[in-house]
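Chemist: One structure, pasted below without further comment.
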Amino acid sequence: MSGHSNRIAAIEAQIRASQNPDVGYVVFSDVSDKAKDGISRIVQLAGGATHIEVLCDAPHHECEDAATQDLITKMGFTPLNKYAGAYQKDDAKASPHDSALFTEQLFLQALKASPDYQLTYYNQVQQSPTPLPVKSG
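Following this note's numbering, the numbering of the sequence shown begins with 314 at its first residue and continues without gaps.
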């Protein structure tokens with residue numbers, strides 16, 4: 314498996330875990346790119362794979378360019394009105410695998426993460442951000 318597919322598998326595992334009501338949700342944060350450019354890149358999911366939010370870094374005007382706005386709209390997201398730079402999407406039929414692929418696409422395309430970005434995650438049980446365990450190879 315490539316680095317991308319290993320990362321997708323690790324994302325999928327955490328999305329599957331979030332289907333447990335005790336876990337409830339999962340929040341992924343790109344820590345490697347934030348260390349380089351100071352921009353927060355966050356994707357969070359709730360209800361297992363059925364609700365996804367992308368949180369753009371509003372102070373850095375991330376996601377405000379026309380191309381990114383167009384991409385987010387084409388992906389089916391709508392603004393989360395309470396928060397600047399936050400977008401949401403619900404898909405009752407989404408599988409953990411589909412949502413993992415979608416999460417990868419969001420980080421690479423909408424949030425413009427570097428190809429080798431590294432994530433932390435947290436959820437209702439694991440409340441401290443923890444490095445996402447990605448198999449090498």
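In this text, a Cβ means the ideal position worked out from N, Cα and C, and glycines have one as well.
Taking Pro446 and Ala323 to be in contact with their CB atoms under 8 Å, please state how far apart those CB atoms are, rounded to whole angstroms.
Modeler: 6 Å
Chemist: Among Val340, Ala397, Gly389, which has the Cα closest to the Cα of Ala359?
Modeler: Of Val340, Ala397, Gly389, the smallest CA-CA separation from Ala359 is found for Val340.
Chemist: Excluding sequence positions up to five away, which residues of its chain have a Cβ less than 6 Å from the Cβ of Pro442?
Modeler: Thr433, Tyr435
Chemist: Go ahead and pull the three-state DSSP assignment for Asp404.
Modeler: coil
Chemist: What are the boundary residues of the beta strand (DSSP E) that Ala359 is part of?
Modeler: Note, Ala359: beta strand (DSSP E), 355-359.
Chemist: Any idea if Glu325 is buried or exposed, counting beta-carbon neighbours within 10 angstroms, 16 or more meaning buried?
Modeler: buried
Chemist: Can you tell me whether Val438 is buried or exposed, with buried defined as 16 or more other CB within 10 angstroms of its CB?
Modeler: exposed
Chemist: With burial defined as no fewer than 16 other Cβ atoms inside 10 Å of the residue's Cβ, what is the status of Asp383: buried or exposed?
Modeler: exposed
Chemist: Along the chain, where does the alpha helix (DSSP H) containing Thr381 start, and where does it finish?
Modeler: Boundaries of the alpha helix (DSSP H) harbouring Thr381: 379-387, taken from the DSSP string.
Chemist: What is the rounded straight-line gap between the Cα of Gly398 and the Cα of Ala371?
Modeler: 5 Å
Chemist: Below 9 Å between beta carbons: does that hold for Glu366 and Gln332?
Modeler: Judged by their CB atoms, Glu366 and Gln332 are not nearer to each other than the 9 Å cut-off.
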